[in-house]
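Before any comments, here is the structure.
2 protein chains.
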Amino acid sequence: MLNRRHFCQNAIGLTWATSQTSHFAFGQTAEPNPGLSLWNEGPAKKAILDFVSRVTTEGSQDYVSPTNRIAVFDNDGTLWNEQPMYIQLAFALDRVKAMAATQPEWKNAEPFRSALAGDMKALAANGEKGLVELLMATHTGNTPEQFARIVEEWLSTAKHPRFQQPYTACVYIPMVQLLAFLRKNQFKTFIVSGGGVEFVRVFSERVYGVPPHQVVGTTIKTRYEERQGIPTLVRLPEIDFIDDKAGKPVAIQKFIGRRPTMAFGNSDGDFEMLAWTMAGTGPRFGMLLHHTDPKREYAYDCASAFGKLDKALEEAPKRGWVLAQTGTDFRKVFAFDSQS
Amino acid sequence: MLNRRHFCQNAIGLTWATSQTSHFAFGQTAEPNPGLSLWNEGPAKKAILDFVSRVTTEGSQDYVSPTNRIAVFDNDGTLWNEQPMYIQLAFALDRVKAMAATQPEWKNAEPFRSALAGDMKALAANGEKGLVELLMATHTGNTPEQFARIVEEWLSTAKHPRFQQPYTACVYIPMVQLLAFLRKNQFKTFIVSGGGVEFVRVFSERVYGVPPHQVVGTTIKTRYEERQGIPTLVRLPEIDFIDDKAGKPVAIQKFIGRRPTMAFGNSDGDFEMLAWTMAGTGPRFGMLLHHTDPKREYAYDCASAFGKLDKALEEAPKRGWVLAQTGTDFRKVFAFDSQS
Numbered sequence: 001m002l003n004r005r006h007f008c009q010n011a012i013g014l015t016w017a018t019s020q021t022s023h024f025a026f027g028q029t030a031e032p033n034p035g036l037s038l039w040n041e042g043p044a045k046k047a048i049l050d051f052v053s054r055v056t057t058e059g060s061q062d063y064v065s066p067t068n069r070i071a072v073f074d075n076d077g078t079l080w081n082e083q084p085m086y087i088q089l090a091f092a093l094d095r096v097k098a099m100a101a102t103q104p105e106w107k108n109a110e111p112f113r114s115a116l117a118g119d120m121k122a123l124a125a126n127g128e129k130g131l132v133e134l135l136m137a138t139h140t141g142n143t144p145e146q147f148a149r150i151v152e153e154w155l156s157t158a159k160h161p162r163f164q165q166p167y168t169a170c171v172y173i174p175m176v177q178l179l180a181f182l183r184k185n186q187f188k189t190f191i192v193s194g195g196g197v198e199f200v201r202v203f204s205e206r207v208y209g210v211p212p213h214q215v216v217g218t219t220i221k222t223r224y225e226e227r228q229g230i231p232t233l234v235r236l237p238e239i240d241f242i243d244d245k246a247g248k249p250v251a252i253q254k255f256i257g258r259r260p261t262m263a264f265g266n267s268d269g270d271f272e273m274l275a276w277t278m279a280g281t282g283p284r285f286g287m288l289l290h291h292t293d294p295k296r297e298y299a300y301d302c303a304s305a306f307g308k309l310d311k312a313l314e315e316a317p318k319r320g321w322v323l324a325q326t327g328t329d330f331r332k333v334f335a336f337d338s339q340s
Numbered sequence: 341m342l343n344r345r346h347f348c349q350n351a352i353g354l355t356w357a358t359s360q361t362s363h364f365a366f367g368q369t370a371e372p373n374p375g376l377s378l379w380n381e382g383p384a385k386k387a388i389l390d391f392v393s394r395v396t397t398e399g400s401q402d403y404v405s406p407t408n409r410i411a412v413f414d415n416d417g418t419l420w421n422e423q424p425m426y427i428q429l430a431f432a433l434d435r436v437k438a439m440a441a442t443q444p445e446w447k448n449a450e451p452f453r454s455a456l457a458g459d460m461k462a463l464a465a466n467g468e469k470g471l472v473e474l475l476m477a478t479h480t481g482n483t484p485e486q487f488a489r490i491v492e493e494w495l496s497t498a499k500h501p502r503f504q505q506p507y508t509a510c511v512y513i514p515m516v517q518l519l520a521f522l523r524k525n526q527f528k529t530f531i532v533s534g535g536g537v538e539f540v541r542v543f544s545e546r547v548y549g550v551p552p553h554q555v556v557g558t559t560i561k562t563r564y565e566e567r568q569g570i571p572t573l574v575r576l577p578e579i580d581f582i583d584d585k586a587g588k589p590v591a592i593q594k595f596i597g598r599r600p601t602m603a604f605g606n607s608d609g610d611f612e613m614l615a616w617t618m619a620g621t622g623p624r625f626g627m628l629l630h631h632t633d634p635k636r637e638y639a640y641d642c643a644s645a646f647g648k649l650d651k652a653l654e655e656a657p658k659r660g661w662v663l664a665q666t667g668t669d670f671r672k673v674f675a676f677d678s679q680s
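Protein chains in written order, with our numbering: chain A, 1 to 340; chain B, 341 to 680.
See the structure below:
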């Protein structure tokens with residue numbers, strides 16, 4: 001493998017793509033596993049199948065009882081697209097536009113002015129504080145049911161700017177198939193997302209087969225009150241917990257209460273989740289998805305504004321994390337891809 | 341029904357016990373439902389069976405799809421005993437004794453001095469602040485795995501002072517049967533406890549059949565760090581969220597992400613959980629368990645230091661919550677009861 005820094009500076013996916021073609025021999029002769037038919041034969045698929053076989057074979061020394069089979073998945077960039085920006089940010093920007101008529105002061109106030117102008121550079125200049133302000137203004141002040149309806153409506157009309165498909169069609173179908181494959185092998189599948197938990201829950205069951213209570217994510221404070229005698233939850237404009245980076249293992253422990261057996265991520269935001277998963281006793285599996293397919297999707301890593309992948313890519317080989325690439329490991333990326 | 345205040349002032353369970361005997365006619369002729377054989381025939385059992393039948397009958401206008409069948413249960417006083425004190429408090433007091441040798445300063449410092457002396461009155465005089473201090477000192481500074489092992493060891497030796505049984509035997513078996521009955525009817529069963537989530541998770545799967553990720557409870561702050569290169573979670577002596585009273589619906593939304601179909605509680609701490617559950621559209625079921633059996637267990641409500649039941653008992657009839665009584669509705673209370 002070429003020097004890692006060199007690789008990242010060049011920002012091309014060729015290095016591994018090349019190094020992995022030799023492994024294709026694995027699958028050329030063997031029958032493709034029907035459970036992962038959307039994965040090309042290669043080391044990533046083989047690693048998954050081998051691991052699942054080991055932990056589900058009774059009598060094997062690596063056997064894991066079904067009750068302990070926990071698999072966690074990052075969402076943005078691991079289960080669905082995150083370029084040219086996080087989909088939840090696209091939602092927030094559309095919400096700013098939709099709400100602007102009733103918020104005339106936004107025309108002259110940052111970060112709303114930049115958001116309304118679609119000026120992403122100026123928006124970025126407002127930093128994380130500006131981003132949080134934007135999210136709070138567009139996501140709160142309602143009940144969880146009202147918020148879910150707003151997201152649902154937006155998802156039913158909004159389209160990805162490049163693919164011109166609904167965002168819920170911009171999910172990586174080999175990963176969706178993997179979720180189902182793991183569940184068939186009695187794994188419980190969880191999403192552990194830096195995105196808002198109530199945002200992801202709107203579509204998680206329909207799109208991924210993951211029920212709301214198996215979605216862990218960033219939370220905002222919520223207050224219970226009786227409104228004119230009606231028990232109500234109100235979403236407050238205040239962050240409760242950010243489920244990213246070192247927050248991910250903390251949230252996994254809080255929500256799931258067990259260290260996962262398998263963890264899947266694609267960015268430095270997943271580093272601690274992968275590291276903590278792999279530090280458990282007994283068999284553990286960590287996979288890092290690298291986006292290396294500019295044609296069918298995007299190629300990005302260390303220089304990306306969204307889903308930055310630098311430290312995790314550097315550390316993956318040392319820590320025994322399996323590397324998968326969208327370019328070579330995914331037979332199809334999206335369901336709407338014409339190639340099969 | 342007698343005047344509620346009068347009832348509570350007299351603190352006897354006779355009023356409802358008497359009013360409910362007339363309903364026994366229901367069950368005397370019908371075959372007892374094998375699914376709830378540990379419940380006596382009566383209005384509480386009938387209400388549960390009728391409701392479950394309605395929401396699980398396809399084509400019924402009250403049909404609820406399996407994915408939306410969520411049942412939440414309080415733990416202390418609803419699933420297991422909470423007298424003469426919360427079991428987790430008994431654990432904390434035993435921990436103080438076990439840790440005292442390495443904490444000589446506790447001898448002269450409240451609330452530890454009172455805890456070591458077993459002086460419950462003085463301990464109560466320290467108020468909630470003292471209680472939290474006691475819990476933090478005995479529950480934190482370790483990893484989740486270490487804490488779970490400590491709880492596990494304690495549960496394997498400690499005994500209930502009156503029943504002389506392990507605490508995990510002091511669970512209400514009609515309620516355990518109800519959990520299983522609901523799961524058989526494709527409900528997902530959750531515990532929503534004011535107790536510490538990591539405390540309850542230690543025994544929830546083994547005792548109740550409820551896996552750790554379906555336990556919601558009070559949480560403390562936890563920090564991720566690499567300790568000598570090993571990814572580690574450390575439990576910090578700081579409350580994160582108290583899952584009691586108005587906190588319960590908030591935590592249900594945060595952890596489960598759906599309003600429950602059924603809710604079961606036994607104290608004023610469950611009021612908001614029951615109220616919010618019942619305020620949902622479509623069929624909803626709320627049940628309040630009243631402890632009215634001083635012989636087999638305890639009789640308590642409004643005047644109790646643990647599991648105080650006052651406002652919820654007052655409001656239950658007005659709000660359509662079903663009332664159940666340990667004295668008349670439970671065929672057996674504990675598995676070790678000799679009566680059958």
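From the three backbone atoms N, C-alpha and C, an ideal C-beta is built for every residue, glycine too.
(message) Taking the alpha carbon of A/Asp-310 as the reference point, which residue from A/Ser-267, A/Glu-272, A/Thr-292 has its own alpha carbon closest?
(response) A/Ser-267
(request) Using a cut-off of 8 Å between C-beta atoms, extract the partners of A/Val-132 located in chain B. (result) Ordered by position in chain B, no residue passes the 8 Å Cβ test against A/Val-132, which lies about 19 Å from the chain.
(request) Just the C-alpha distance for A/Lys-308 and A/Glu-297, rounded to the nearest angstrom, thanks. (result) 16 Å
(request) Give a yes or no on whether the minimum CB-CB distance between A/Phe-181 and chain B is below 8 Å. (result) Closer than 8 Å: no.
(request) Out of B/Leu-471, B/Thr-508, B/Gly-534, state which residue places its alpha-carbon closest to the alpha-carbon of B/Gly-609. (result) B/Gly-534
(message) According to DSSP, is B/Lys-499 part of a helix, a strand, or is it coil?
(response) The DSSP-derived three-state label of B/Lys-499 is strand.
(request) Check each candidate in A/Arg-183, A/Gly-141, A/Cys-302, A/Phe-336 and name the one with the smallest Cα separation from A/Ile-239. (result) A/Gly-141
(message) Going by DSSP, what residue range makes up the alpha helix (DSSP H) through A/Pro-84?
(response) Taken as a continuous stretch (DSSP letters only), A/Pro-84 belongs to no alpha helix (DSSP H), as it is neither H nor E.
(request) Look at the Cβ atom of A/Arg-235, then the Cβ atom of A/Pro-317, and state whether they are nearer than 8 Å. (result) no
(message) Please tell me whether B/Glu-655 has its Cβ less than 8 Å away from any Cβ of chain A.
(response) no
(request) Starting from the Cα of A/Glu-110, find the closest Cα among A/Leu-123, A/Gln-88, A/Met-99 and give me that residue. (result) A/Leu-123
(request) Helix, strand or coil for B/Ser-544, going by three-state DSSP, please let me know. (result) Helix at B/Ser-544.
(message) With a threshold of 8 Å between beta carbons, is B/Val-673 in contact with chain A?
(response) no
(message) Quick check on the DSSP output: the beta strand (DSSP E) that includes B/Asp-580 runs from which residue to which?
(response) 570–581
(message) Using 8 Å as the threshold, is the C-beta distance between A/Thr-328 and A/His-291 below it?
(response) no
(request) Give, in chain order, every residue of the region 226–258 of chain A whose Cβ lies closer than 7 Å to some Cβ of chain B. (result) Listed in sequence order: Ile-230, Pro-231, Leu-233, Ala-246, Pro-249, Val-250, Gln-253, Lys-254, Phe-255, Ile-256, Gly-257, Arg-258.
(request) Determine, using beta carbons only, whether B/Thr-559 and B/Glu-565 come nearer to each other than 8 Å. (result) no
(request) State the start and end residues of the unbroken beta strand (DSSP E) segment that holds A/Ser-193. (result) That run of the beta strand (DSSP E) goes 188–196.
(request) To the nearest angstrom, report how far apart B/Ala-615 and B/Arg-659 are at their CA atoms. (result) 8 Å
(message) For A/Met-136 and A/Val-192, I'd like the C-alpha separation in whole angstroms.
(response) 21 Å
(request) Could you work out which residue in A/Gln-164, A/Thr-277, A/Asn-68 is closest to A/Asp-337 when comparing CA atoms only? (result) A/Gln-164
(message) Please list the terminal residues of the continuous beta strand (DSSP E) segment that includes B/Gly-470.
(response) Unbroken run through B/Gly-470 is the alpha helix (DSSP H), 467–479; no beta strand (DSSP E).
(request) Could you tell me which chain B residues have their CB closer than 7 Å to the CB of A/Tyr-298, listed as they occur along the chain? (result) None at all; the shortest Cβ gap to chain B is about 29 Å.
(message) Within a Cβ cutoff of 6 Å, which residues of the same chain sit near A/Lys-248, ignoring the five residues on either side of it in sequence?
(response) Val-192, Glu-272, Met-273
(request) Name, going along the chain, the residues of the region 262–293 of chain A whose beta-carbon falls closer than 7 Å to a beta-carbon of chain B. (result) Glu-272, Ala-275, Trp-276, Ala-279
(request) Could you confirm whether any beta carbon from chain A is found closer than 8 Å to the beta carbon of B/Thr-397? (result) no
(message) Going by C-alpha to C-alpha distance, which of A/Lys-107, A/Pro-260, A/Lys-129 sits closest to A/Leu-182?
(response) A/Pro-260
(request) Note down, in chain order, all residues in the region 389–415 of chain B with a beta-carbon under 7 Å from any beta-carbon belonging to chain A. (result) Thr-407
(request) Check distances from the C-beta atoms of the region 208–221 of chain A to those of chain B and list, in chain order, the residues that come in under 8 Å. (result) Listed by position, the residues of the region 208–221 of chain A near chain B (Cβ gap below 8 Å) are Pro-211, Pro-212, His-213, Gln-214, Val-215, Thr-219.
(request) Assign A/Pro-161 to buried or exposed, taking buried as 16 or more other Cβ atoms, counted over all protein chains shown, within 10 Å of its Cβ. (result) exposed
(request) Assuming A/Ala-258 and B/Pro-552 form a contact by the criterion Cβ under 8 Å, report the distance between their Cβ atoms to the nearest whole angstrom. (result) It should be noted that the sequence gives Arg, not Ala, for residue 258 of chain A. Right, the Cβ-Cβ distance comes to about 5 Å (below 8 Å), so this counts as a contact.
(request) Taking B/Met-460 as the reference, give the member of B/Glu-655, B/Phe-674, B/Phe-646, B/Ala-675 with the closest Cα. (result) B/Phe-646
(request) May I ask you to report which of helix, strand or coil DSSP gives B/Lys-594? (result) helix
(request) Find the residues of chain A that neighbour B/Arg-435, judging by a C-beta separation of less than 8 Å, and give them in chain order. (result) Per Cβ cutoff of 8 Å: no residues; B/Arg-435 is ~20 Å from chain A at best.
(request) Give the straight-line distance between the Cα atoms of A/Phe-187 and B/Gln-517, rounded to the nearest whole angstrom. (result) 26 Å
(message) Just to confirm my understanding: we take A/Asn-185, look at its own chain, exclude 5 residues before and 5 after, and list those with CB closer than 8 Å. What are they?
(response) Val-52, Thr-56, Arg-69
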